[in-house]
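Colleague: Protein chains in written order, with this note's numbering: chain E, 336 to 591; chain C, 84 to 379; chain W, 341 to 651; chain P, 17 to 340. Every residue, glycine too, gets a C-beta built ideally from N, C-alpha and C. One structure, pasted below without further comment.
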Amino acid sequence: MSPIVVVENLTKDYAGPSKSVRRAVDDVSFHVNEQEIFGIVGESGSGKTTVARVLLRLTRPTGGHVSVAGIDPWSASREDRRRYHEVIQVVFQDPYSSMDPRMRIGAVVTEGLRSRRTHDRPVPTVAELLDLVGLPASYERMYPHELSGGQRQRAAIARALAMGPQVLVADEPVSALDVSMRGQVLNLLTSLQVELGLTVLFISHDLGIVQQMCNRVAVMHNGRIVETGDPVETFENPSDPYTQRLVASVPRIPVS
Amino acid sequence: MVTSLVIAPVDVPESRRHKKRIGGITIPTWIGVGLLALCALLGLVVLLAPAFRNLWTAQDLRATFLPPLSSGHPFGTDNLGRDLMWRTLAGLGVSVAVGLGVAFLAVTLGLMVGIVGGYFGRAADVTSNIVIDVTWAFPAILLAVVFAGWLGPGLLTVVLALALTEWAGFSRIIRGEVLSLRERDYVSAARVLGRNKVAISLRHFVPNLLPVTLVLAVYFVAGAIVAEAGLSFLGIGAQPPTPSLGSTLAQGRDYLTRTWWPVILAGGVLTLTVLLLNSVSDQLREHFDPRIGRRR
Amino acid sequence: MSYVIKRIGYAILIMFLASLVTFAALRVAPGSAVTSILDPARTPPEVIERYKEELGLNLPIWQQYVNYMANVLRGNFGTSLFDRRPVFDLIADAALYTVVLAFAAFVLAFGLGVPAGVIAALNRGGWFDRVIRWVTSAFMSIPNFVLALLLVAILGVKLRFLPVSGASGPANLILPALVLAADPWSLTTRVTRTAVVEQLGADYTRTLRARGVSRTRINWRHVLRNALTPVVSLGSVQIRTLLGYTLIVEVIFRWPGMGSQLVQAILKRDYPVASALALLLALVVVIASTVGDLLLRAVDPRIRSNQAVIS
Amino acid sequence: MSAPVIEFKNFSLGRDIGTSWEPLVTDMTLQLQPGEILGLVGESGSGKSLSALSCLGLLPAKVRPLGGQLNILGRDSSTFGDEEWREVRGAQVSMIFQDPMTSLDPCFTVGSQIVEAIRAHEDTSAKEAQGRALEMLRLVGITDPEQRFGAFPHELSGGLRQRAMIAAALVMKPTVLVADEPTTALDVTTQAAIIEQVVQLQQQLGMTVLWISHDLGVVANLADRVAVMYAGELVEVADTKRLFADPQHPYTMGLINSARVRSAGEPFDFISGSVPEPSTWPEGCRFAPRCSRPTSVCQEHPAMTQPDSGGSLRCFHPGMAVVS
């Protein structure tokens, strides 16, 4: 197992009110091994989403380095930058805003295909992509608002997988869904991870989900990683005081 | 600056918010159909006015100042004995053509500047903001008058002058919309999928800006028709012999003590046209989103 | 405080650029000031040259601008090319008339528009609301010069009820002010109505009701306070609109203000007068925008505060 | 058992859709006993928030009670006029909402909004009201209340804002507090602190609490009894311990399983399909299309029954384990 995602001394500052600086990410380092499901947990403002956005080349870091499959997106050559979209993809939290309301599902899932660079793999069809995530091919003609939240998240996964990525970032992929429907999407993600040999960076505030599905976890607080390790071990015997408080705060259902 | 173009808000009755839909196409209301028919009629006037040139240029100095409903002259005649109904219609055609030209130019310019300012980096944003605010500093008609002084009076002057002022307020609205659109996750997703800024602008921004654009474009047509008539009234717009509602009104004003109907009739046609276009704009806004145009 | 300084600095920048625009538009325009006074076909070239020299028109263009601005900042706008009076004196008279007219219209538009909008919103769907809806659409559709001509025809020519021309007495103000206020009044009414209706449905009204606060108190204390923001920001927009409208309304009613003067100056290519007027109007608009933005911060604590969140 | 403070009797709500009424809540029978914390659980569109809002007569426009009865402190609420409702709100039944940002008036300081809640019911001097407001801010765990009193809502963090909202809701010491997902917008550590605060205040003031949530975990740790809603109706009501130990309705089971943490690597539980819109509710058992073991009898609409195990239940096949 070799690391495919490497984050070294990553720092991100935002300008705050009246010339102050808010440090959203503070000297964060971690790596994710190939075919691993790596969880990042933390509360709002902990910096977990900013880390993901830096990796996705959406937010420019203030300091430090990141690399995915050997490409540093912030200093890559033009050709590497183009290839980068086939290395890493994303599924966002809100299935309502993550799709253009004026595009049909077929257009949504194939939007990235035109920027694909590698031509040795066959270009998937809409039907194949929808089938991959368990949606009927007839959904190609539908608009996002005609789908339920869970179905939209499936389509979002299809859109990401169309690019044939090695790494998938899932930023709170189920927290906008009703509780009874979350399992469907999570099981799909897990089985696709195995099937396609994906590496998944799973960002969540839900410790239970992370514990059940991730191989390793990093706990973030105020822009720093306070603890990294095996999820079960980390949440059952937290060593960091913040992790202890976080674990104690999670409302748990009594075991029958 | 916070201030921007403000157009009167419409309030959509609760009952009409649940639109009837069949296969994704909203069925227009009867009001909508009626308004569309009237717009088509207006378009016909624009297209046909030049063809009937001899009708609105024919003079008859023996029949000046005929009152309305005279035989052969439903609106009466003017000081040169020209038929007022045909002159009014021809003038309306000119006004609407000017309005369409202004709306097209202002919308195109406004969309480009708004998208560039909202999405193509901080330098572009600061620059476009300053350009917008400087343009904004001059009341629309004032700048039109200044332009007229520069280019000389005429319809081209009117079109250019109005387009070059009216785009600013529109552009500010578009910029605001883009600032909110760019934060949507589907734009982030498109970036991760490797689309560049131009592709995202064309694929995601323009289609989503279309409703606002359409509503405001119709509103601009109405505004430009009034402004054209106003400038022609001042003698800065259409020059004789080009017919114009504004010059008919100016003439009517000179003979106001003698006859009142040219003012009433030309003014009435102008008012009804603006009312029609305002209603179309309101209907479009209701159709798309009652919130469009409410923002500052 | 730093915002106030920044905002004023920005306003000065915009004014500077606006002055460049007026200068350029009126000075670099084809058909120079000289040719509009002297017929180039019949005047000997040296006379034209002397004239140009006298007016400073043979200097490089940036030099002309620097001279122009230096003079402007000292309150010297040059002399009119036609009656040779100092522009400042000409404008000062006219400005007073325009200020009186625009102020009267502004007071009418807001003084009548805000209450009408509030009452319409509080009685949504009632007869007053419906009447307001119709009246405002009518006033927004009838161009103000048509309205002006109608009133002149009816009141001035037929009934001879009110003076329709000139500025010989306070009664002369009534018609132009009413005409000028009609459209801004409609817009103010509608914007106020919408703002109030929107606030009536805001979440906090439900919370206040959940604590037993009476509907009347919620409406008159909380809803109106929150609805103020869009109305205030409308204010500075309206000043710009009003100034634009004065041009034409002043001409129709022969009101001796800046509007009619500007139209005259531009048609006669009286550059010193025209550029001074344009600059003055732009200054008023920029000041109105600035004051509007500052007022907005005073009215809305969310805009005002940029201090950090207390946690 | 003493008289319930709030009692729904076959209560139903509907929305005016022009030609007819679309039902949103049907056949709701539920009693809120004095001094208890009752958790009302359901997913989006279950009708839990609307039921809560009816306790204060704050239904949205176009939504009306269609039938049944709702008694508040022993009085039939259908007889209440505007003024009677006003006197009930805040003083006897109070409510806190999900989003403390939009639920507080942005143009007024939090202190003045608490003072206003007092003076809506009592003719006290401004000074005395201010004193009581400060005391209440302290009581809800806000340190430095003098400074927070003058703060505008946007100047406070989410947790402080929610505390300020609780202070305004409880300053008149109401008998009942209706809490509509008050911690959903907050982080878990803040949520834990707020829950602890409410429980403490509930004991201190002897309040009855109706706590609405979509999060079973929150309710499990907080409520004495739990009522589960699905598609506009109650499906199961039981003591918290019993409900989580031995759920009877397949929806309750599915919901508990979906929320429960399993061992690493195990698949996640879920309920197939999605929550139906009110217009697409089935004629028979509303859960049948998503149920793992529906039978032909489920074509009928089940009534609420009182099984021997206690509580109440709406299912033809109680206790049947869902194997997923």
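Which ranges would you report for the beta strand (DSSP E) in the stretch 238-319 of chain P if only whole runs of at least 3 residues count?
Modeller: Counting whole runs of 3 or more residues, the stretch 238-319 of chain P contains the beta strand (DSSP E) stretches 241-246, 249-255.
Colleague: Inspect the beta-carbon positions of T199 of chain P and L581 of chain E and report whether they are closer than 8 Å.
Modeller: The answer is no: Cβ separation not under 8 Å.
Colleague: Where does I228 of chain P fall in DSSP's three states?
Modeller: The answer is strand: DSSP assigns I228 of chain P an E or B state.
Colleague: Anything in chain E within Cβ reach of L56 of chain P, meaning under 9 Å, just list it in chain order.
Modeller: The contacting residues do not exist; L56 of chain P stays about 15 Å from chain E at best.
Colleague: Start and end of the beta strand (DSSP E) containing Y349 of chain E?
Modeller: Where Y349 of chain E is concerned, the enclosing beta strand (DSSP E) stretches over 338-350.
Colleague: Name the chain E residues that come within less than 7 Å of G277 of chain C, Cβ to Cβ?
Modeller: Per Cβ cutoff of 7 Å: R417, H420, G447, S450.
Colleague: Out of W:A542, W:A605, W:T528, W:I431, state which residue places its alpha-carbon closest to the alpha-carbon of I579 of chain W.
Modeller: Per the Cα distances, W:T528.
Colleague: At a Cβ threshold of 8 Å, is D161 of chain C touching chain E?
Modeller: D161 of chain C does not count as touching chain E.
Colleague: Considering only DSSP beta bridges, list what R80 of chain P is partnered with.
Modeller: In DSSP, R80 of chain P forms a bridge with P:G30.
Colleague: Short check: CB of T191 of chain P to CB of Q108 of chain P, under 8 Å?
Modeller: Yes, the Cβ-Cβ distance between T191 of chain P and Q108 of chain P is below 8 Å.
Colleague: Kindly say whether V367 of chain E, judged by its beta-carbon, lies nearer than 8 Å to any beta-carbon of chain P.
Modeller: With 8 Å as the cut-off, V367 of chain E does not count as an interface residue toward chain P.
Colleague: What is the rounded straight-line gap between the Cα of V577 of chain W and the Cα of S629 of chain W?
Modeller: Roughly 7 Å between the two C-alpha positions.
Colleague: Give a yes or no on contact between the stretch 304-314 of chain P and the stretch 230-241 of chain P, applying the rule of three or more CB pairs nearer than 8 Å.
Modeller: Short answer: they don't touch.
Colleague: Which residues in chain P have a C-beta closer than 9 Å to the C-beta of G466 of chain W? List them in chain order.
Modeller: By Cβ distance, chain P contributes nothing, its closest Cβ being about 16 Å from G466 of chain W, past 9 Å.
Colleague: Does the separation of the CB atoms of G558 of chain E and D361 of chain E fall below 8 Å?
Modeller: Yes, the pair counts as a contact, with Cβ atoms nearer than the cut-off.
Colleague: Skipping 5 residues on each side, what residues in its chain have a beta carbon closer than 7 Å to that of S153 of chain C?
Modeller: Closer than 7 Å at the Cβ level, and outside the excluded window around S153 of chain C, lie G159.
Colleague: Counting pairs of Cβ atoms below 8 Å between the stretch 45-57 of chain P and the stretch 234-249 of chain P, do you hit three or more?
Modeller: Short answer: they touch.
Colleague: To be precise: take each residue of the stretch 424-444 of chain E, compare its Cβ to all Cβ atoms of chain C, and keep it if any distance is under 7 Å. Which residues remain?
Modeller: Answer set for the stretch 424-444 of chain E: Q424, V425, F427, D429, S432, S433, M434, D435, R437.
Colleague: Tell whether a beta-carbon distance below 8 Å holds between N550 of chain E and E369 of chain E.
Modeller: Not in contact: N550 of chain E and E369 of chain E (Cβ atoms no closer than 8 Å).
Colleague: Go ahead and label V344 of chain W buried or exposed: buried means 16 or more other beta carbons lie within 10 angstroms of its beta carbon, across all protein chains shown.
Modeller: With fewer than 16 other Cβ atoms within 10 Å, it is exposed.
Colleague: Give the DSSP-derived three-state secondary structure of G106 of chain C in the structure shown.
Modeller: Note that G106 of chain C has pLDDT 39, beneath the 50 cutoff, so the model's placement of it is unreliable and no number is given.
Colleague: For R587 of chain E, which residues in chain C fall below 8 Å Cβ to Cβ?
Modeller: Correct list: empty, because the minimum Cβ distance to chain C is about 31 Å.
Colleague: Less than 8 Å between the CB atoms is what I'm expecting for S508 of chain W and T476 of chain W, so what's the real figure, rounded?
Modeller: With a Cβ gap of about 33 Å, S508 of chain W and T476 of chain W do not count as contacting.
Colleague: Taking the alpha-carbon of P510 of chain W as reference, which of W:G541, W:W595, W:T534, W:D469 has the nearest alpha-carbon?
Modeller: Ranking W:G541, W:W595, W:T534, W:D469 by Cα distance to P510 of chain W puts W:W595 first.
Colleague: Tell me whether E389 of chain W is buried or exposed, calling it buried when 16 or more other Cβ atoms sit within 10 Å of its Cβ.
Modeller: By the neighbour-count rule (16 or more Cβ atoms within 10 Å), E389 of chain W is not buried but exposed.
Colleague: Against S119 of chain P, what residues of chain W qualify as contacts under a CB-to-CB distance less than 7 Å, listed in chain order?
Modeller: Ordered by position in chain W, the residues that pass the 7 Å Cβ test against S119 of chain P are D543, Y544, T547.
Colleague: Can you confirm whether R494 of chain E, when its beta carbon is compared against all beta carbons of chain A, has any partner nearer than 8 Å?
Modeller: No chain A is part of this structure, whose protein chains are labelled E, C, W and P.
Colleague: Could you please give me the residues that DSSP links to P236 of chain C through a beta bridge?
Modeller: Bridge partners of P236 of chain C: none, in fact.
Colleague: Between the alpha carbons of Q601 of chain W and F422 of chain W, how many angstroms are there, rounded?
Modeller: Their backbone Cα atoms lie some 13 Å apart in a straight line.
Colleague: Just grab the DSSP bridge partners of H400 of chain E for me.
Modeller: E:E343.
Colleague: So the beta strand (DSSP E) M555 of chain E belongs to, where does it begin and stop?
Modeller: Its beta strand (DSSP E) spans residues 551-556.
Colleague: Could you give the C-beta distance for F286 of chain P and M516 of chain E, rounded to a whole number, given that I count them as a contact under 8 Å?
Modeller: Confirmed, about 6 Å.
Colleague: Would the beta-carbon of T569 of chain W fall within 8 Å of that of V639 of chain W?
Modeller: Going by C-beta atoms, T569 of chain W is nearer than 8 Å to V639 of chain W.
Colleague: Taking 6 Å as the limit between beta carbons, can you name the residues of its chain near F618 of chain W, skipping five residues before and five after?
Modeller: Inspection of the sequence shows that residue 618 of chain W is occupied by Ala rather than by Phe. Correct list, in chain order: T362.
Colleague: With a threshold of 8 Å between beta carbons, is L521 of chain E in contact with chain P?
Modeller: Chain P contact via Cβ: present.
Colleague: Return the CA-CA distance between D176 of chain C and L264 of chain C, expressed in angstroms with no decimal places.
Modeller: Here residue 176 of chain C is Gly; the residue named in the question, Asp, does not match the sequence. Cα to Cα, G176 of chain C sits roughly 38 Å from L264 of chain C.
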